[in-house]
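Protein chains in written order, with the numbering used here: chain A, 1 to 241; chain B, 242 to 482; chain C, 483 to 723; chain D, 724 to 964. These notes are about the structure you will find just below.
Number of protein chains: 4
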Amino acid sequence: MPKPPRNRRSNQSPDAGVFDGLAAGLAEAGRAFYSRGWALGTSGNFSAVVEREPLRLAITASGVDKSSLTAGQFLQINHEGKPLGSQGKPSAEALLHISIARARRAGAVLHTHSVWSTLLSQTFAAEGGIELTGYEMLKGLEGVSTHEHREWLPILENSQDMRQLGGWVEAVLNRHPRSHGFLLRGHGLYTWGRDLAEARRHVEILEFLLEVLGRTHTAEARPFGRRRGRPDLEAAKPWPR
Amino acid sequence: MPKPPRNRRSNQSPDAGVFDGLAAGLAEAGRAFYSRGWALGTSGNFSAVVEREPLRLAITASGVDKSSLTAGQFLQINHEGKPLGSQGKPSAEALLHISIARARRAGAVLHTHSVWSTLLSQTFAAEGGIELTGYEMLKGLEGVSTHEHREWLPILENSQDMRQLGGWVEAVLNRHPRSHGFLLRGHGLYTWGRDLAEARRHVEILEFLLEVLGRTHTAEARPFGRRRGRPDLEAAKPWPR
Amino acid sequence: MPKPPRNRRSNQSPDAGVFDGLAAGLAEAGRAFYSRGWALGTSGNFSAVVEREPLRLAITASGVDKSSLTAGQFLQINHEGKPLGSQGKPSAEALLHISIARARRAGAVLHTHSVWSTLLSQTFAAEGGIELTGYEMLKGLEGVSTHEHREWLPILENSQDMRQLGGWVEAVLNRHPRSHGFLLRGHGLYTWGRDLAEARRHVEILEFLLEVLGRTHTAEARPFGRRRGRPDLEAAKPWPR
Amino acid sequence: MPKPPRNRRSNQSPDAGVFDGLAAGLAEAGRAFYSRGWALGTSGNFSAVVEREPLRLAITASGVDKSSLTAGQFLQINHEGKPLGSQGKPSAEALLHISIARARRAGAVLHTHSVWSTLLSQTFAAEGGIELTGYEMLKGLEGVSTHEHREWLPILENSQDMRQLGGWVEAVLNRHPRSHGFLLRGHGLYTWGRDLAEARRHVEILEFLLEVLGRTHTAEARPFGRRRGRPDLEAAKPWPR
Numbered sequence: 001m002p003k004p005p006r007n008r009r010s011n012q013s014p015d016a017g018v019f020d021g022l023a024a025g026l027a028e029a030g031r032a033f034y035s036r037g038w039a040l041g042t043s044g045n046f047s048a049v050v051e052r053e054p055l056r057l058a059i060t061a062s063g064v065d066k067s068s069l070t071a072g073q074f075l076q077i078n079h080e081g082k083p084l085g086s087q088g089k090p091s092a093e094a095l096l097h098i099s100i101a102r103a104r105r106a107g108a109v110l111h112t113h114s115v116w117s118t119l120l121s122q123t124f125a126a127e128g129g130i131e132l133t134g135y136e137m138l139k140g141l142e143g144v145s146t147h148e149h150r151e152w153l154p155i156l157e158n159s160q161d162m163r164q165l166g167g168w169v170e171a172v173l174n175r176h177p178r179s180h181g182f183l184l185r186g187h188g189l190y191t192w193g194r195d196l197a198e199a200r201r202h203v204e205i206l207e208f209l210l211e212v213l214g215r216t217h218t219a220e221a222r223p224f225g226r227r228r229g230r231p232d233l234e235a236a237k238p239w240p241r
Numbered sequence: 242m243p244k245p246p247r248n249r250r251s252n253q254s255p256d257a258g259v260f261d262g263l264a265a266g267l268a269e270a271g272r273a274f275y276s277r278g279w280a281l282g283t284s285g286n287f288s289a290v291v292e293r294e295p296l297r298l299a300i301t302a303s304g305v306d307k308s309s310l311t312a313g314q315f316l317q318i319n320h321e322g323k324p325l326g327s328q329g330k331p332s333a334e335a336l337l338h339i340s341i342a343r344a345r346r347a348g349a350v351l352h353t354h355s356v357w358s359t360l361l362s363q364t365f366a367a368e369g370g371i372e373l374t375g376y377e378m379l380k381g382l383e384g385v386s387t388h389e390h391r392e393w394l395p396i397l398e399n400s401q402d403m404r405q406l407g408g409w410v411e412a413v414l415n416r417h418p419r420s421h422g423f424l425l426r427g428h429g430l431y432t433w434g435r436d437l438a439e440a441r442r443h444v445e446i447l448e449f450l451l452e453v454l455g456r457t458h459t460a461e462a463r464p465f466g467r468r469r470g471r472p473d474l475e476a477a478k479p480w481p482r
Numbered sequence: 483m484p485k486p487p488r489n490r491r492s493n494q495s496p497d498a499g500v501f502d503g504l505a506a507g508l509a510e511a512g513r514a515f516y517s518r519g520w521a522l523g524t525s526g527n528f529s530a531v532v533e534r535e536p537l538r539l540a541i542t543a544s545g546v547d548k549s550s551l552t553a554g555q556f557l558q559i560n561h562e563g564k565p566l567g568s569q570g571k572p573s574a575e576a577l578l579h580i581s582i583a584r585a586r587r588a589g590a591v592l593h594t595h596s597v598w599s600t601l602l603s604q605t606f607a608a609e610g611g612i613e614l615t616g617y618e619m620l621k622g623l624e625g626v627s628t629h630e631h632r633e634w635l636p637i638l639e640n641s642q643d644m645r646q647l648g649g650w651v652e653a654v655l656n657r658h659p660r661s662h663g664f665l666l667r668g669h670g671l672y673t674w675g676r677d678l679a680e681a682r683r684h685v686e687i688l689e690f691l692l693e694v695l696g697r698t699h700t701a702e703a704r705p706f707g708r709r710r711g712r713p714d715l716e717a718a719k720p721w722p723r
Numbered sequence: 724m725p726k727p728p729r730n731r732r733s734n735q736s737p738d739a740g741v742f743d744g745l746a747a748g749l750a751e752a753g754r755a756f757y758s759r760g761w762a763l764g765t766s767g768n769f770s771a772v773v774e775r776e777p778l779r780l781a782i783t784a785s786g787v788d789k790s791s792l793t794a795g796q797f798l799q800i801n802h803e804g805k806p807l808g809s810q811g812k813p814s815a816e817a818l819l820h821i822s823i824a825r826a827r828r829a830g831a832v833l834h835t836h837s838v839w840s841t842l843l844s845q846t847f848a849a850e851g852g853i854e855l856t857g858y859e860m861l862k863g864l865e866g867v868s869t870h871e872h873r874e875w876l877p878i879l880e881n882s883q884d885m886r887q888l889g890g891w892v893e894a895v896l897n898r899h900p901r902s903h904g905f906l907l908r909g910h911g912l913y914t915w916g917r918d919l920a921e922a923r924r925h926v927e928i929l930e931f932l933l934e935v936l937g938r939t940h941t942a943e944a945r946p947f948g949r950r951r952g953r954p955d956l957e958a959a960k961p962w963p964r
């Protein structure tokens with residue numbers, strides 16, 4: 001039987017062929033991220049939309065080693081993050097993926113843990129986010145046509161309460177409708193795209209730019225906090241306030 | 242003959258199938274660490290428990306190049322670090338592996354030499370250890386459920402007297418029963434786990450966090466010693482005092 | 483049919499065999515650059531001369547992912563950057579490749595986006611370029627026979643107007659006839675060579691030296707601007723003035 | 724015909740089997756160094772002793788790309804650096820390899836160009852060398868049994884006059900009979916070993932320790948020159964004086 005075309009608005013029941021294709025693509029992306037050091041130690045989780053209405057996602061199972069990630073380590077979840085069938089436990093952050101898939105109409109959501117995103121999410125937490133501008137690489141973000149674009153990458157406080165964190169994510173997505181990603185403090189990057197190829201491109205672009213930013217500050221050898229002229233870090237709380 | 246199940250409390254004689262399976266897994270881990278630059282120049286050694294009572298370990302032979310590590314380069318040693326049979330010379334640090342396997346009831350013990358662990362083990366020596374907190378990645382450590390966890394990574398003075406060093410290791414394991422690893426000064430990281438998969442995850446998590454910490458201090462461009470407000474480095478001797 | 487010899491001055495019509503061979507070589511180079519992190523997120527573009535008179539280039543199609551770049555993702559363009567046939571859209575920077583191929587009689591032109599070239603193109607923008615001297619690695623640049631050579635790597639302001647940028651590139655190539663490459667600010671490196679092997683060698687050499695330079699300044703922990711003794715950065719505008 | 728045993732003191736004519744085996748091993752080492760970024764842009768050259776009396780070496784041909792280095796790209800040279808037969812041009816630094824093979828009775832000599840060795844060879848030039856001590860990794864150097872060992876890595880001024888440079892190398896090898904390697908300023912690392920495996924281990928150990936040293940200074944954010952308490956850099960000329 002030939003693989004059916006991907007039909008994201010279908011009302012039909014979830015199609016195994018679509019799920020399998022998405023899971024295979026996500027698994028390949030996850031292994032590539034692992035090899036770059038962006039998903040060590042079972043960190044990172046990845047999802048793609050199988051059906052839009054009602055929403056169903058293919059998502060990594062919880063606690064999986066990404067060095068050898070396979071399509072068989074993905075689950076299908078519904079719009080509440082519940083797994084379909086008795087397949088195991090989805091990633092703890094499934095609700096964040098669902099919020100993003102909805103708010104941005106994303107076809108794929110990718111979450112990585114790199115050294116530079118972790119570092120900068122701490123250092124810039126007091127400023128509530130990171131501005132990226134002046135880089136040609138920004139043009140690889142969907143809808144951006146000039147290096148003069150100003151990309152705001154919000155930083156959210158981290159939390160182990162997934163309902164709370166999901167609410168914060170929805171709020172930040174609403175407040176910054178043009179942002180292509182956000183950071184969780186001490187935790188890493190979330191980005192997304194219309195499909196997996198676009199989401200993966202966004203991971204590479206944002207990780208690249210965060211490395212450039214981190215190394216620039218390192219090279220200039222000044223404490224980060226001072227650069228923005230905010231002497232009172234106590235008054236500048238991390239978002240959300 | 243099918244590979245027998247792993248039976249860590251068996252009183253039977255060492256089982257070649259168990260040994261071979263553990264050695265193959267350790268060899269694969271060692272090659273992966275080498276390719277990340279964590280076991281260059283014959284550095285690093287790796288072990289796993291073949292039998293718990295009496296204790297027997299599979300451990301790397303001394304001075305082996307990790308780029309092409311094979312199962313055939315592992316020896317079996319008893320609870321005193323003596324090789325069973327005439328197989329060659331075990332790693333000089335075999336006694337440390339035995340101490341850890343006992344004190345933590347670990348199924349696998351891994352020792353890596355990364356640039357960042359070497360660097361930080363020198364820079365933080367005067368403080369006796371490194372505190373890691375606020376990072377989501379900490380949740381990958383066994384038994385940790387929040388990024389607010391405070392992981393203390395003790396730093397021990399290095400020594401070429403393995404009986405002395407083994408004693409220090411036992412003491413530090415007793416004093417810090419919740420620590421998931423420790424550093425030897427100028428030497429590298431020891432960590433462990435219930436089995437090889439868990440120990441390997443701990444290597445990746447701790448190496449990741451040490452890189453984040455080292456780059457954070459570098460970016461902030463302040464001498465490390467000052468950050469903790471300890472003006473008198475003479476009074477703060479490396480552990481053990 | 484055996485592959486015909488490459489004949490760069492031929493007046494014959496473009497030869498499919500020559501094009502295919504060049505495209506395959508460029509694709510291999512592109513994948514290698516991607517794996518080093520020099521062409522992430524669809525960045526980077528690569529070309530080679532198929533015929534000199536009238537000028538025809540093999541060049542990457544626009545927006546292609548370099549991780550899996552294939553010969554089939556190259557187009558043939560004429561001296562105005564127009565694709566021959568209905569093959570799709572060439573890289574937006576095709577005109578720069580044409581300017582370089584003409585001004586330097588280059589057989590191959592390579593454009594990479596590394597972290598260090600991006601960083602340094604911003605930091606040294608006010609000085610109009612970067613001087614590289616004292617490194618043995620310089621001898622790998624065509625025509626250089628001593629580490630005492632002074633290589634000037636001009637930095638051009640970035641622009642989305644390709645006719646404007648093409649004009650600046652021609653001007654900087656004329657002004658610095660001995661330079662082996664240049665940087666676009668916030669954008670990356672352009673270099674070239676008589677053939678693909680030479681151009682690729684120039685990429686590796688210049689990227690290596692930029693990393694050395696960036697890390698040297700980082701290690702010395704002084705703001706870059708001060709090192710050259712130019713107190714008045716306002717007076718030293720980025721080229722072209 | 725089975726491959727004959729390696730007989731380094733044989734007076735027989737050069738044996739093709741020995742040469743081929745050494746060239747294959749050197750080629751594999753060269754490709755591995757390239758992939759770590761230690762031999763980019765045709766930099767680096769590698770040799771091994773085919774016969775001790777009269778001295779004959781297998782050595783890389785000049786200007787070869789190390790990414791795809793093969794045994795066929797090695798030449799055999801005599802004690803004056805002259806190629807045997809009409810095989811092409813040996814590496815320009817052949818005389819240095821001969822000096823080292825003689826002075827240290829080395830079976831293999833390896834020269835790499837890493838970012839960190841290049842950087843530190845410039846920064847520490849005024850001190851004439853780099854002291855490495857306190858690192859367990861030092862024990863991987865032949866004859867070293869404790870991390871308290873003090874390894875002195877001399878730094879020589881670079882020169883394009885190979886007879887002059889060869890003389891300096893002989894002098895520095897005599898003056899520092901226990902050193903396991905040296906740096907050429909702005910140029911990279913030379914090390915050696917009884918055989919290729921030992922020489923390769925020395926490359927990995929010294930490159931590792933140079934990276935640790937470079938990152939330590941970077942993290943501590945002080946200009947290098949000040950750390951050693953030498954205020955008068957003019958008076959401290961690079962060796963040889």
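Where is the CB? At the ideal position from N, CA and C, for every residue including glycine.
Would you say Phe905(D) lies against chain B (beta-carbon separation less than 8 Å)?
Position 182 of the fourth sequence holds residue 905(D). Closer than 8 Å: no.
Quick check: the Cα distance between Ser661(C) and His910(D), rounded to an integer number of angstroms?
Here residue 661(C) corresponds to residue number 179 of the third sequence, with the count starting at 1. Here residue 910(D) corresponds to residue number 187 of the fourth sequence, with the count starting at 1. In a straight line, the C-alpha of Ser661(C) is about 21 Å away from that of His910(D).
Taking the alpha-carbon positions, what's the Val531(C) to Thr628(C) distance?
In the third sequence, residue 531(C) corresponds to position 49, counting from 1. In the third sequence, residue 628(C) corresponds to position 146, counting from 1. Between Val531(C) and Thr628(C), the C-alpha separation is close to 30 Å.
At least one CB of chain A closer than 8 Å to the CB of His595(C): is that the case?
The residue labelled residue 595(C) in the question sits at position 113 within the third sequence. Chain A contact via Cβ: present.
Can you say whether Ala329(B) is buried or exposed, counting buried as having 16 or more other CB atoms within 10 angstroms of its CB?
Taking the first residue of the second sequence as 1, we reach residue 329(B) at position 88. Here residue 329(B) turns out to be Gly, not Ala, going by the sequence shown. The C-beta of Gly329(B) has fewer than 16 other C-beta atoms within 10 Å across all chains shown, which makes the residue exposed.
Would you call Asn640(C) buried or exposed, if buried means 16 or more other Cβ atoms sit within 10 Å of its Cβ?
To locate residue 640(C), count along the third sequence from 1; it is residue 158. Looking at its Cβ environment, which holds 16 or more other Cβ atoms inside 10 Å, Asn640(C) is buried.
Using a C-beta to C-beta distance shorter than 8 Å, which residues of chain C count as neighbours of Thr191(A)?
As a first step, residue 191(A) must be located in the first sequence, where it is residue number 191. Within chain C, no residue comes near Thr191(A); the closest Cβ sits about 11 Å away, beyond 8 Å.
Excluding the five sequence neighbours on either side, which residues of its own chain have a C-beta within less than 8 Å of the C-beta of Pro4(A), listed in chain order?
Start at 1 with the first residue of the first sequence, and residue 4(A) comes out as number 4. Here Pro4(A) scores only 40 on pLDDT, less than 50, and its place in the model should not be relied on; the value that follows carries that caveat. For Pro4(A), where only same-chain residues beyond five positions count, the Cβ hits under 8 Å are Asp15, Gly17, Val18.
Can you give the Cα-Cα distance for Thr765(D) and Gly625(C), rounded to whole angstroms?
Taking the first residue of the fourth sequence as 1, we reach residue 765(D) at position 42. Taking the first residue of the third sequence as 1, we reach residue 625(C) at position 143. Looking at the two C-alpha atoms, the distance is approximately 15 Å.
Quickly, what does DSSP pair Asn45(A) with across the bridge? List them, please.
By one-based count along the first sequence, residue 45(A) stands at place 45. His111(A).
Looking at the secondary structure, which residues open and close the beta strand (DSSP E) in which Phe905(D) lies?
Numbered from its first residue, the fourth sequence carries residue 905(D) at position 182. It spans 904–907 - the beta strand (DSSP E) in which Phe905(D) sits, taken as one unbroken run.
Alpha carbon of Gly795(D) to alpha carbon of Phe769(D), nearest angstrom:
The residue given as residue 795(D) occupies position 72 in the fourth sequence. The residue given as residue 769(D) occupies position 46 in the fourth sequence. The alpha-carbon atoms of Gly795(D) and Phe769(D) are separated by roughly 14 Å.
Minimum C-alpha distance to Asp65(A) - residue among Ala440(B), Ala367(B), Arg456(B):
By one-based count along the first sequence, residue 65(A) stands at place 65. Per the Cα distances, Ala440(B).
How many Å lie between Ser837(D) and Trp650(C) at the Cα?
Here residue 837(D) corresponds to residue number 114 of the fourth sequence, with the count starting at 1. Here residue 650(C) corresponds to residue number 168 of the third sequence, with the count starting at 1. Looking at the two C-alpha atoms, the distance is approximately 34 Å.
What residues in the stretch 153–167 of chain A bring their beta carbon closer than 8 Å to a beta carbon of chain B?
Listed by position along the chain: Asn158, Gln160.
Measure the alpha-carbon distance for Arg250(B) versus Leu263(B) and round it to whole angstroms.
Taking the second sequence and counting its residues from 1, the one referred to as residue 250(B) is at position 9. Taking the second sequence and counting its residues from 1, the one referred to as residue 263(B) is at position 22. With a pLDDT of 36 at Arg250(B), under the threshold of 50, the predicted position of this residue should be treated as unreliable, though the coordinate-derived value follows. The straight-line gap from Cα to Cα measures roughly 16 Å.
Between the Cα of Ser544(C) and the Cα atoms of Leu557(C), Gly611(C), Trp598(C), which residue gives the shortest distance?
Translated into positions along the third sequence, residue 544(C) becomes position 62. If we check each option's Cα against that of Ser544(C), Leu557(C) comes out closest.
On the three-state DSSP scale, how would you describe Glu934(D)?
Mapped onto the fourth sequence, residue 934(D) falls at position 211. Looking at Glu934(D) - three-state DSSP - the assignment turns out to be helix.
Simplified DSSP assignment, three categories, for Leu243(A)
No statement about residue 243(A) is possible, as the shown extent of chain A runs from 1 to 241 and does not include it.
Please state the DSSP three-state secondary structure of Gln646(C).
Locating residue 646(C) in the third sequence gives position 164, counting from the first residue. Helix, per DSSP.
Relative to the ligand GTP, is the shortest distance from any of its heavy atoms to the C-beta of Ala349(B) smaller than 7 Å?
Among the components modelled here there is no ligand, and therefore nothing to report on the ligand GTP.
Where does Arg594(C) land, buried or exposed, given buried means 16+ other C-beta within 10 angstroms?
Working through the third sequence from its first residue, we reach residue 594(C) at position 112. Note that residue 594(C) is Thr in the sequence shown, not Arg. Thr594(C) counts as buried, since no fewer than 16 other beta carbons sit within 10 angstroms of its beta carbon.
Counting C-beta neighbours from all protein chains within 10 Å, is the total for Glu859(D) 16 or more, i.e. buried, or is it exposed?
Here residue 859(D) corresponds to residue number 136 of the fourth sequence, with the count starting at 1. Burial call: buried.
Kindly list, in the order they appear in chain B, the residues whose Cβ is closer than 8 Å to that of His217(A).
For the purposes of this step, residue 217(A) is taken as residue 217 along the first sequence, with counting starting at 1. Annotation: Cβ neighbours of His217(A) in chain B (cutoff 8 Å, chain order): Ala460.
Taking Cβ positions only, does Gln73(A) come closer than 8 Å to chain B?
Translated into positions along the first sequence, residue 73(A) becomes position 73. By this cut-off, Gln73(A) is not an interface position.
Would you call the CB atoms of Gly622(C) and Ile687(C) closer than 8 Å?
Position 140 of the third sequence holds residue 622(C). Position 205 of the third sequence holds residue 687(C). Yes.
Less than 6 Å between C-beta atoms, sequence neighbours within five positions excluded: which residues of the same chain meet that for Glu689(C)?
On the third sequence, position 207 is the one that residue 689(C) refers to. Closer than 6 Å at the Cβ level, and outside the excluded window around Glu689(C), lie Ser596.
Using only alpha-carbon positions, find the residue among Ser68(A), Leu96(A), Leu69(A) that is nearest to Ile77(A).
Numbered from 1 along the first sequence, position 77 holds the residue referred to as residue 77(A). Checking every option, the nearest Cα to that of Ile77(A) belongs to Leu96(A).
Using DSSP with H/G/I as helix, E/B as strand and the rest coil, what is Arg200(A)?
Numbered from its first residue, the first sequence carries residue 200(A) at position 200. Reduced to three states, the DSSP call for Arg200(A) is helix.
Would you mind working out which of Gly37(A), Leu210(A), Arg105(A) sits nearest Asp195(A), comparing C-alpha positions?
The count along the first sequence starts at 1 and reaches residue 195(A) at position 195. When each option's Cα is compared against that of Asp195(A), the closest is Arg105(A).
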